[in-house]
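Visitor: Residue numbers (our numbering), protein chains in the order written: chain A, 1 to 366; chain B, 1001 to 1366; chain C, 2001 to 2366.
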Amino acid sequence: PNDEGAMKLEYKGQFQLNMRDTGSEADGEGDTKEFNFRRNRLALMGAYGPHFGLYVQTEFGEDRNITPFLVRDGDESDFEILDAVLRFRYDDRFNFWVGKFKYSFSRENLEACEAPLTLDRSVLIRAPLVDEGTRDKGISIWGNLLEQKFQYRIDAMNGRNDSSSSPESNFRYGARAHVTLLDPEANHGYKGTYMGEKKVLTIGAAYQMENDVAYANTVTEDAVDYQAWTADLFFEYPVEEVGTFTFSAAYADYDLDDAYKGANFEDDVVGIYGEKNGGYVKIGYMLPNTPLQFFARSENWSLAEYRGIVDQEIDWYGGGFNYYFRGQNMKLTMELSKADFDKEGIFGGEKTEDFTTFTTQLQVMF
Amino acid sequence: PNDEGAMKLEYKGQFQLNMRDTGSEADGEGDTKEFNFRRNRLALMGAYGPHFGLYVQTEFGEDRNITPFLVRDGDESDFEILDAVLRFRYDDRFNFWVGKFKYSFSRENLEACEAPLTLDRSVLIRAPLVDEGTRDKGISIWGNLLEQKFQYRIDAMNGRNDSSSSPESNFRYGARAHVTLLDPEANHGYKGTYMGEKKVLTIGAAYQMENDVAYANTVTEDAVDYQAWTADLFFEYPVEEVGTFTFSAAYADYDLDDAYKGANFEDDVVGIYGEKNGGYVKIGYMLPNTPLQFFARSENWSLAEYRGIVDQEIDWYGGGFNYYFRGQNMKLTMELSKADFDKEGIFGGEKTEDFTTFTTQLQVMF
Amino acid sequence: PNDEGAMKLEYKGQFQLNMRDTGSEADGEGDTKEFNFRRNRLALMGAYGPHFGLYVQTEFGEDRNITPFLVRDGDESDFEILDAVLRFRYDDRFNFWVGKFKYSFSRENLEACEAPLTLDRSVLIRAPLVDEGTRDKGISIWGNLLEQKFQYRIDAMNGRNDSSSSPESNFRYGARAHVTLLDPEANHGYKGTYMGEKKVLTIGAAYQMENDVAYANTVTEDAVDYQAWTADLFFEYPVEEVGTFTFSAAYADYDLDDAYKGANFEDDVVGIYGEKNGGYVKIGYMLPNTPLQFFARSENWSLAEYRGIVDQEIDWYGGGFNYYFRGQNMKLTMELSKADFDKEGIFGGEKTEDFTTFTTQLQVMF
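#1: Assess contact between the segment 311-319 of chain A and the segment 135-152 of chain A, defined as three or more Cβ pairs (one per stretch) separated by less than 8 angstroms. Is contact present?
#2: Once the 5 residues before and after Met45 of chain A are set aside, which same chain residues still bring their CB inside 6 angstroms of it?
#3: Jot down the residue ranges of each uninterrupted beta strand (DSSP E) in the segment 2265-2289 of chain C, minimum 3 residues, whole runs only, in chain order.
#4: In this structure, does DSSP put Glu2313 of chain C in helix, strand or coil?
#5: What residues in the segment 26-46 of chain A bring their beta carbon closer than 9 angstroms to a beta carbon of chain C?
#6: By the 8 angstroms beta-carbon criterion, what residues does the segment 1193-1223 of chain B contribute toward chain A?
#7: Starting from the C-beta of Thr1333 of chain B, find all residues in its chain whose C-beta is less than 6 angstroms away, skip the five residues before and the five after it, and write them out in chain order.
#8: In chain order, what residues of the same chain lie with their CB nearer than 6 angstroms to the CB of Phe60 of chain A, ignoring the 5 residues before and after it?
#9: In three-state DSSP terms, what is Asn1161 of chain B?
#10: For a test of the three-state rule: what should DSSP assign to Lys2261 of chain C, helix, strand or coil?
#11: Pull out every residue of the segment 121-134 of chain A whose Cβ sits closer than 8 angstroms to any Cβ of chain B, in chain order.
#12: Please classify Leu94 of chain A: is it buried, with 16 or more other beta-carbons within 10 angstroms of its beta-carbon, or exposed?
#13: For Asn109 of chain A, report the span of its alpha helix (DSSP H) as first-last.
#14: Please list, in chain order, the chain A residues whose beta carbon lies closer than 7 angstroms to that of Gly1023 of chain B.
#15: Relative to the C-alpha of Ala1999 of chain C, which residue among C:Ala2216, C:Ala2186 and C:Tyr2280 is closest?
#16: Check each residue of the segment 2053-2077 of chain C: if its Cβ is closer than 8 angstroms to any Cβ of chain B, include it; give the result in chain order.
#17: Can you pull the chain B neighbours of Tyr2011 of chain C, defined as C-beta to C-beta under 7 angstroms?
#18: Under a CB-based cut-off of 7 angstroms, is Val1281 of chain B close to chain A?
#19: For Asp2222 of chain C and Ser2164 of chain C, I'd like the C-alpha separation in whole angstroms.
#20: State the DSSP-derived secondary structure class of Asn2 of chain A, mapped to helix, strand or coil.
#21: Under three-state DSSP, which class holds Tyr2011 of chain C?
#22: Check the DSSP bridge columns for Pro1238 of chain B and list the partner residues they point to.
#23: Whose C-beta lies closer than 7 angstroms to the C-beta of Asp342 of chain A among residues of the same chain, with five residues either side of it excluded?
#24: Just how far apart, CA to CA, sit Arg2135 of chain C and Arg1087 of chain B?
#25: Mind listing which residues of the segment 1267-1292 of chain B have their C-beta closer than 7 angstroms to chain A's C-betas, in chain order?
#26: How many Å lie between Ser2337 of chain C and Val2281 of chain C at the Cα?
#27: Relative to the C-alpha of Leu2233 of chain C, which candidate in C:His2051, C:Cys2113 and C:Ala2249 has its C-alpha closest?
#28: Starting from the Cα of Ala177 of chain A, find the closest Cα among A:Gln151, A:Leu201, A:Glu197 and A:Asn158 and give me that residue.
#29: Would Glu2108 of chain C and Arg2126 of chain C be called neighbours here (beta carbons separated by less than 7 angstroms)?
#30: Pull out every residue of the segment 2095-2116 of chain C whose Cβ sits closer than 9 angstroms to any Cβ of chain A, in chain order.
#31: Is there a Cβ of chain B sitting closer than 7 angstroms to that of Phe2366 of chain C, yes or no?
#32: Can you tell me whether Glu1004 of chain B is buried or exposed, with buried defined as 16 or more other CB within 10 angstroms of its CB?
#33: Answer yes or no: does any C-beta atom of chain C fall closer than 7 angstroms to that of Ser1302 of chain B?
#34: Based on Cα-Cα distance, which residue from B:Ala1115, B:Asp1092, B:Trp1229 and B:Phe1358 lies nearest to Gly1327 of chain B?
#35: Pop quiz: Leu1129 of chain B and Val1213 of chain B are said to be a contact at Cβ under 8 angstroms. What is the actual Cβ separation, rounded to whole angstroms?
#36: Quick one: is Pro1001 of chain B near chain A, going by C-beta distance under 7 angstroms?
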């Protein structure tokens, strides 16, 4: 650090033992198990006085076999700077962020990766056609008004960043607002649980759009626009000697003008990150005097197309617990989950079938 | 750090909004815009007493669409250690550096990335056939003599490091010297401006060579040598209550024995980093009591071949300003520039056309 | 670091000038020379009190031409997290490690990379079919008993992590034990020399296995198991005013059920990291009052197949010295070595021939 600034370094790791009932052996039906890091990060925080701060975070992923939907050989490695954001703060009402950071859309994506209620965020709650599923590069203006009861955010970011192959080089614009009726949630990032330290009731909604984002027909150069909206509710309430109750739900709709009905659409307009709509419900209960929290989660999504199947539906449900040895700084999580597809079978050479995953995770932050 | 050493960590970021008048849409003629980091670095400095120091710097580049000459889809990511140098210092007259660092050739390449006069250094002022355009691995001996009026440098470095495909595995040798007539520039790195804190008049020259570096004819195994020379002048003078004036100019000639005239030459002997000669002129004016600096820059280069065109000429000129909120630690720069090719059109399936770029950059160092 | 934890950062670099008598020019017979980093690492250590620690280490390798056995163009770059281990310590008798770290098999692999006796560990003393040759992901339980005279280790780790293409998704299990008759070696990592600070006589042995690890015949889906064993001895004794003497030897056998005799075996079951057996002898002598240490090393390995040759034998021998300017924190090493193949010539289009390497290395740790 230079003379005037202060800087600190953190490590954040989530080490998992994953077991899935499919994906291995010659027929792809055998059980698969793997030790791996879900997150393996170094973060750097700096500040020059009260008005300017820096946040930089690296991520390293390596040889992941068991991914949210598929089992692979996982022979890859990626070290990257996940976040690099310059944070200017006039006061609580007006912040200006510049760099690479989480775009302002769904609440769940904005919940800290180290403080979810369930094992993790849903991989389905990511926007289409953005290089990083969860982050983007650009600028954001945000702040809290009305004694922190109201928060607003406005983003202008790259969105799809394929200049030479997409129809036009346009930015993606977004806006998000929330109302917090009990204790405020006044930061840029949310949490999936406050572990009984806050009473929270937050209702939020967001909208995003990018013009001429992809081709429904690459031959005739027929372009489509992207627009999406979401609404979410988060409620957490600690009752003395009884425990803390958490309820969270959201719905989101990601629209690409039905590009998947085009004669020669681009691959990226379909699949997990393509055109879709759906949502989740999460519930939690944390014991009053023991740092043990039980959770369950249910999601339902309609995908425009997935692995050769038009109008696929996914039901994903799971449950488990967090045990907090040192709060979020050292936590053990176990979760059993099932992904249930409406249509199973082999379509266009690709097999779709239900699967069950059991994960044991140790989280450590320094 | 170990008990005897001291170490510190720094972050250096240059976040840009780039706009160019070509490169997008189906015909490649549409405007392109992009948020991205030009530099995104973590640096580590250490010292064991006065005679030994360490400098390590990482760089992360990701998904760049708008590059100096071309617009791409930019779907790549590269995290690397850009510098890692062990610095032994007997005294100011004799330094011995070992590791990966900037080779001693052109002044502009040796100017700190965070202290240029204009938006950035020229991408054209890089040597051919060296893995990193700006750094190399090897050793350097350098020092200042005659009350720091004279500086010498001698390098032995990898140069082209393609052992199994180049004609011979030879080192690249280089030498550089300068004379500083007013205040000394006694470090290994120069600056593009001292913002009025120094009176500088420096004249420098350098030479580089590597034998049997590439094939002019890969079939007959006809090898060529590399040699290059450069001369540069830097003048900066603050006048009280009037402001600071900066003038900088250089010429460089990179020769590969006319390898591009060979029947089956290697691709790397031509293009932006191939055989060429040319130079730049930069001027600056900084206001006396406001940290605002205006600059302009003009370059002219003759390339042996560029995108199918033999003997292409590039005129590149631009201008803009730096506003220093906290010196180089927080700086806003805007620059408008134009690249003007002598021959435009489509040659060998590749299109060459003039383009204009407008860049807004925020630099932050911690 | 958070309020309760402490964290420190270290740099570890080994910069080399490598010279080999083969690998360059059109016929591949010319001398090759290269400056490069053998290791270029940043390490982060943290602790929450006496029972929990963290160790994270990054590695950056780039454009290496001269590798242990072959000379290439080396146009690659890899930044990764080499180690990331969460260390729980009940007491000296019981440690529980979780994450990515060195698996417990051969002593030489467990010797610290920065404290070998000779220039480096052998690349041949690595287990087959594990993503990182030297590290793996999983868990280990280990401790010292009987006043640190006895050490045990038990591992369960990924082993081969190619879920969708290997016969089954099984873990690799390992166990290692040693007896230290003089001063104890009570850590997880060994050293190749204690530079006269300890009297050591350690005898160790280990075993490793993974079921259904690869195909001897990918067509008939004929799977093989992996098992390996090793035994090693390390002796170091300082004699006052005479110097310190070091002797170290090991034998290892890596068995893949003769998969290389299969009709359609997988490539990875042969080669340097495939089925093999062999060992090394190392000797050292360090002067009593000067930090200068001479060493020599001899290895012999039988490989199931190497570059088209069945039952290849390699003799590898070398010698040199370490000069310790600041112990292992700043060390100069020179080593001359020769790899001697039992069968030389061109087999299946690949050339195998003896080669000689001369390496000068500067090691710095901060």
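Yeah, the Cβ is synthetic: ideal placement off N, Cα and C, and Gly gets one too.
Guide: Walking through what the data contain:
#1: Three or more beta-carbon pairs separated by less than 8 angstroms are not found between the segment 311-319 of chain A and the segment 135-152 of chain A, which leaves the two stretches without contact.
#2: Here residue 45 of chain A is taken as the residue at index 45 of the first sequence, counted from 1. Short of 6 angstroms from the beta carbon of Met45 of chain A, and not among the five residues preceding or following it, lie these beta carbons of its own chain, in chain order: Lys8 and Tyr55.
#3: Whole beta strand (DSSP E) segments, 3+ residues: 2276-2286.
#4: Here residue 2313 of chain C refers to the residue found at position 313 of the third sequence. Strand.
#5: Listed in chain order, the positions of the segment 26-46 of chain A with a beta carbon within less than 9 angstroms of a beta carbon of chain C are Ala26, Gly28, Gly30, Asp31, Thr32, Lys33, Glu34, Phe35, Asn36, Phe37, Asn40 and Leu42.
#6: Residues passing the 8 angstroms Cβ filter: none.
#7: Taking the first residue of the second sequence as position 1, residue 1333 of chain B is located at position 333. So the qualifying residues of the chain are Leu1119, Asn1322 and Gln1361.
#8: Taking the first sequence and counting its residues from 1, the one referred to as residue 60 of chain A is at position 60. Closer than 6 angstroms at Cβ, skipping near neighbours: Asn40 and Phe79.
#9: As a position in the second sequence, residue 1161 of chain B is number 161, starting the count at 1. Coil.
#10: Indexing the third sequence from 1 puts residue 2261 of chain C at position 261. In the structure shown, Lys2261 of chain C sits in a helix (DSSP, three-state: H, G or I).
#11: Within the segment 121-134 of chain A, the residues whose Cβ lies closer than 8 angstroms to some Cβ of chain B are Asp131, listed in chain order.
#12: If you number the first sequence from 1, residue 94 of chain A lands on position 94. The identity of residue 94 of chain A in the sequence shown is Phe, whereas the question assumes Leu. With fewer than 16 other CB atoms across the displayed protein chains lying within 10 angstroms of its CB, Phe94 of chain A is exposed.
#13: Counting from one through the first sequence, the residue named residue 109 of chain A turns up at place 109. Its alpha helix (DSSP H) spans residues Arg107 to Leu110.
#14: Looking up residue 1023 of chain B in the second sequence gives position 23. Chain A residues near Gly1023 of chain B: Ser163 and Ser164.
#15: Because chain C in this structure spans residues 2001 to 2366, residue 1999 of chain C falls outside the shown range and cannot be described.
#16: Answer set for the segment 2053-2077 of chain C: Phe2060, Glu2062, Asp2063, Asn2065, Ile2066, Val2071, Arg2072, Asp2073, Gly2074, Asp2075 and Ser2077.
#17: Counting from one through the third sequence, the residue named residue 2011 of chain C turns up at place 11. Using a Cβ-Cβ cut-off of 7 angstroms, Tyr2011 of chain C is close to Leu1044, Gly1046, Leu1054 and Val1056 of chain B, given in chain order.
#18: Taking the second sequence and counting its residues from 1, the one referred to as residue 1281 of chain B is at position 281. Not flagged as an interface residue toward chain A: Val1281 of chain B, since no C-beta distance is shorter than 7 angstroms.
#19: The count along the third sequence starts at 1 and reaches residue 2222 of chain C at position 222. The count along the third sequence starts at 1 and reaches residue 2164 of chain C at position 164. Going from the Cα of Asp2222 of chain C to the Cα of Ser2164 of chain C covers about 16 angstroms.
#20: Here residue 2 of chain A refers to the residue found at position 2 when the first sequence is read from its first residue. Confidence at Asn2 of chain A is low in this model, with a pLDDT of 42, below 50, so the placement of that residue should be treated as unreliable; the coordinate-derived value is given next. Assignment of Asn2 of chain A by DSSP, reduced to helix, strand and coil, places it in the coil class.
#21: The residue you call residue 2011 of chain C lines up with position 11 of the third sequence. Three-state result, Tyr2011 of chain C: strand.
#22: For this step, residue 1238 of chain B is matched to residue 238 along the second sequence. In the DSSP output, where bridge partners are listed per residue, Pro1238 of chain B has B:Thr1244.
#23: As a working mapping, residue 342 of chain A is identified with position 342 in the first sequence. Once the five neighbours on either side are set aside, the close Cβ partners of Asp342 of chain A are Gln312 and Glu313.
#24: Position 135 of the third sequence, counting from 1, holds the residue named residue 2135 of chain C. Position 87 of the second sequence, counting from 1, holds the residue named residue 1087 of chain B. Annotation: Arg2135 of chain C to Arg1087 of chain B spans about 32 angstroms, alpha carbon to alpha carbon.
#25: Flagged: no residues at all.
#26: In the third sequence, residue 2337 of chain C corresponds to position 337, counting from 1. In the third sequence, residue 2281 of chain C corresponds to position 281, counting from 1. If you draw a straight line from the Cα of Ser2337 of chain C to the Cα of Val2281 of chain C, it is about 14 angstroms long.
#27: Counting from 1 along the third sequence, the entry for residue 2233 of chain C is found at position 233. Checking every option, the nearest Cα to that of Leu2233 of chain C belongs to C:Ala2249.
#28: Against the first sequence, residue 177 of chain A aligns to sequence position 177. The shortest Cα separation from Ala177 of chain A among A:Gln151, A:Leu201, A:Glu197 and A:Asn158 belongs to A:Gln151.
#29: Within the third sequence, the letter at position 108 stands for residue 2108 of chain C. Within the third sequence, the letter at position 126 stands for residue 2126 of chain C. Taking 7 angstroms as the cut-off, the beta carbon of Glu2108 of chain C is found no closer than this to the beta carbon of Arg2126 of chain C.
#30: Listed in sequence order: Val2098, Gly2099 and Lys2100.
#31: Numbered from its first residue, the third sequence carries residue 2366 of chain C at position 366. Closer than 7 angstroms: yes.
#32: Start at 1 with the first residue of the second sequence, and residue 1004 of chain B comes out as number 4. Unreliable positioning characterises Glu1004 of chain B in this predicted model, as indicated by a pLDDT of 48, which lies under 50. A coordinate reading is not provided.
#33: As a first step, residue 1302 of chain B must be located in the second sequence, where it is residue number 302. Answer no: the Cβ-Cβ gap between Ser1302 of chain B and chain C never drops below 7 angstroms.
#34: To locate residue 1327 of chain B, count along the second sequence from 1; it is residue 327. The alpha carbon of Gly1327 of chain B has as its nearest neighbour, out of B:Ala1115, B:Asp1092, B:Trp1229 and B:Phe1358, the alpha carbon of B:Ala1115.
#35: Sequence index remark: in the second sequence, residue 1129 of chain B carries index 129 (1-based). Sequence index remark: in the second sequence, residue 1213 of chain B carries index 213 (1-based). Right, the Cβ-Cβ distance comes to about 6 angstroms (below 8 angstroms), so this counts as a contact.
#36: As a first step, residue 1001 of chain B must be located in the second sequence, where it is residue number 1. Confidence at Pro1001 of chain B is low in this model, with a pLDDT of 36, below 50, so the placement of that residue should be treated as unreliable; the coordinate-derived value is given next. Judged by the 7 angstroms Cβ criterion, Pro1001 of chain B is not in contact with chain A.
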